[in-house]
Amino acid sequence: MLQGRVEPDFSEVAAVLRSLLPRSGIGGAAVCVYHRGRVVVDLWAGTRDEAGTPWEEDTISLSYSTTKGVASTLLHILVDRGLTDYEEPVASHWPEFAQSGKERITVRQLLSHQAGLYDIRRVIDDAHRMLDWDYMTEALAEAAPVHPPGAGHGYHGFTYGWLIGELVQRLLGRPFGEALAGEIAQPLGLDGLFCGVPPDALQRRARLVDEGLHKGGPSFDWAKRTAKLLNKGFEWAHIPVDLRNVAAALLPPGIEALDFNSEDLVRVSIPSANGMFTARSLARLYAMLANGGELDGVRLLSERTVRKASTVQSTRRDRVVPFPLHWRLGFHRAPVARPLPNAFGHAGYGGSGAWADPDRRLAVALVLNSGVGTPFGDIRIVRIGNAAVRCAERC
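Okay, here's the thing in structure tokens:
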């Protein structure tokens, strides 16, 4: 049974959410939609763990790469404030970063995945290193790009979080999780927007209930062998995709042993992969973006910066993702089945996602804890988004 509220004009979104709930009865989800600055859908249902504990109004759920859009928004706020500029070298604020040919990498190149630092296999020997912020930022400061910065873009599946996160920490002088709370969650009055869950919120979290979600799934060696075989097929068919880059960006050694349900993991900050959110908080954040940087009298960004952040940087083929994402600055195109040229957001492994459409003043967010999908989101956020757009256009 769905809990919460939905306005009649958006009842189709409720019907789609109901159809997404696992037939087994184990697993849950929450959806929130803003339209023209108002909440029109705020629903949740299902269970937040294997024991059948009901999903509650304030349940937070791990949302993988959906975290990237949140982290990017935080950096845009600091750009808007004049603490840095998109064309400024990252090393201006992070001197140790100016190693191995990275002294000219700009903030824009980090945000648009053009820095050439996506190969996490070159950075760490075991996925458990990702729980150590200092280790990761020091390793990335020493790392060499896999291609000349700006010469192409490759989705920085894991490394993006520490690159953006350390820049935020250098600009503000405080930990990323604290910065997120102080600069976004508190001003907007968000009920659940964490990257590093504080002790007093741990009891609110949903557990991932599919083995492939909270464990890394296939082994690193298996993925490499499979990628090699598939690449031969792509070469024969003249399809310009190299799945070895997918493994390089998304399969650090030992990822299959890393438990994303563990307290050790959810309590640290991994701004590319371990944000824990309510759908309500994500939707409110993106409603602010859809409304030109202001919501309910609280302005976090100027309209000019929102336009810059959401401007397409490249339509070239990504070196990691096997389909065009039309990268903006920290966002990709909205995960919907029809063209929305000015809409932008970020989806994640496991099915979560959130996005904004300034043209319709629409913001959509989905969080859930069941089903695996792909590293780039799955059809569930597309179905929710499609329904929300249809409803908005009928209003």
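Residue numbers for the sequence shown, in the working numbering: 6 to 400.
Idealized CB from N, CA, C, for every residue including glycine.
Just so you know, these numbers come straight off a predicted model, no measurement behind them.
For leucine 334, collect the residues of the same chain with a Cβ closer than 8 Å to its Cβ; drop the 5 residues on either side in sequence, then sort them by chain order. Same-chain partners within the cutoff: Ser77, His81, Tyr91, Arg113, Leu116, Ser117, Lys313, Ala314, Ser315, Thr316, Gln318.
Residue burial classification, glycine 280 (beta-carbon count within 10 angstroms, cutoff 16): With at least 16 other beta carbons inside 10 angstroms of its own, glycine 280 counts as buried.
When DSSP builds the beta bridges, which residues end up paired with arginine 304? DSSP lists Glu299 as the bridge partner or partners of arginine 304.
Can you tell me the Cβ-Cβ gap for alanine 2 and aspartate 362, rounded? I've got them flagged as a contact below 8 Å. With the chain covering 6 to 400 only, the question about residue 2 has no answer from this structure.
Among Ala284, Trp138, Val95, whose alpha-carbon lies nearest the alpha-carbon of glycine 356? Closest option to glycine 356, Cα to Cα, is Ala284.
Express the C-alpha separation of valine 46 and tryptophan 60 in angstroms, rounding to a whole number. Their backbone Cα atoms lie some 16 Å apart in a straight line.
Do alanine 278 and threonine 142 have their C-beta atoms within less than 8 Å of each other? Remark: C-beta atoms of alanine 278 and threonine 142 do not approach each other more closely than 8 Å.
Taking C-alpha atoms, which residue in Glu55, Gly30, Ile275, Asp14 lies nearest to valine 38? Closest by alpha carbon: Asp14.
With three or more beta-carbon pairs closer than 8 Å as the criterion, would you say the segment 128-135 touches the segment 177-187? No, they do not touch.
Does the Cβ-Cβ distance between leucine 255 and phenylalanine 163 come in under 8 Å? Yes, the pair counts as a contact, with Cβ atoms nearer than the cut-off.
Taking valine 325 and isoleucine 31 to be in contact with their CB atoms under 8 Å, please state how far apart those CB atoms are, rounded to whole angstroms. Contact doesn't hold; Cβ gap of about 32 Å is too wide.
Assumed close pair alanine 50, leucine 22 - CB separation to whole angstroms, cut-off 8 Å: Correct: roughly 7 Å between the Cβ atoms.
May I have the straight-line CA-CA distance separating threonine 64 from arginine 388, to the nearest angstrom? About 22 Å.
Put asparagine 279 into one of helix, strand or coil per three-state DSSP. Here asparagine 279 sits in strand by DSSP.
Closest by C-alpha distance to aspartate 364, when choosing among Glu398, Ile110, Asn374: With respect to the C-alpha of aspartate 364, the residue from Glu398, Ile110, Asn374 having the closest C-alpha is Glu398.
What runs of the alpha helix (DSSP H), each 4 residues or longer, lie entirely inside the segment 116-151? With a minimum length of 4 residues, the continuous alpha helix (DSSP H) runs that stay inside the segment 116-151 are 138-147.
If you check the beta carbons only, do leucine 48 and glutamine 8 fall under 8 Å apart? Yes, they are a contact pair.
Between the C-alpha atoms of glycine 297 and isoleucine 386, what's the straight-line distance to the nearest angstrom? Going from the Cα of glycine 297 to the Cα of isoleucine 386 covers about 23 Å.
Which of the three DSSP states, helix, strand or coil, is assigned to valine 394? In the three-state reduction of the DSSP assignment, valine 394 falls in the helix class, which pools H, G and I.
Let me check understanding here. Comparing Cα to Cα, which of Lys107, Ser267, Val394, Leu83 lies closest to alanine 211? For the set Lys107, Ser267, Val394, Leu83, the Cα lying nearest the Cα of alanine 211 is the one of Ser267.
Can you look up tryptophan 332 in the DSSP assignment and give me helix, strand or coil? Tryptophan 332 falls in the strand class under three-state DSSP.
Less than 8 Å between the CB atoms is what I'm expecting for serine 70 and histidine 351, so what's the real figure, rounded? Approximately 6 Å separates the beta-carbon atoms of serine 70 and histidine 351; this is inside 8 Å, confirming the contact.
If you follow the alpha helix (DSSP H) that aspartate 47 is part of, which residue opens it and which one closes it? Here aspartate 47 belongs to no alpha helix (DSSP H); instead the beta strand (DSSP E) covers 43-51.
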